[in-house]
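Engineer: Here my numbering = 1-based position in the sequence shown + 205.
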Amino acid sequence: MTTLLSDRPLPSSPILIGQESDADFYAILDAERPRLIRLCTAILGNADAAEDVTQEALLEAWRSI
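#1: Restricting to Cα atoms, I'd like to know which of Thr259, Ala266 and Leu264 is closest to Thr246.
#2: To the nearest angstrom, how far is it from the Cα of Gly250 to the Cα of Asp227?
#3: Of the residues Ser269, Arg268, Ala262 and Trp267, which one's Cα is nearest the Cα of Leu241?
#4: From Trp267 to Asp253, what distance separates their C-alpha atoms?
#5: Indicate the three-state DSSP secondary structure (helix, strand or coil) for Ile242 in the structure shown.
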């Protein structure tokens, strides 16, 4: 079975245990954004729409922290 997202763990980060840090969030964002775009492109079939959906999802993630 092929997976679109990596099975590797995310970088350990205080953000995951409630000690927010912009730098930690951006590190996770930089690591995972390309995979999210590929996944959204595969689902939507449109690279521009995938970029928009990914941006909205990451913005919601930021707001929820």
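Glycine included, each C-beta is placed from N, C-alpha and C at the ideal position.
Structural biologist: On the basis of the data shown:
#1: Thr259
#2: 32 Å
#3: Ala262
#4: 21 Å
#5: helix
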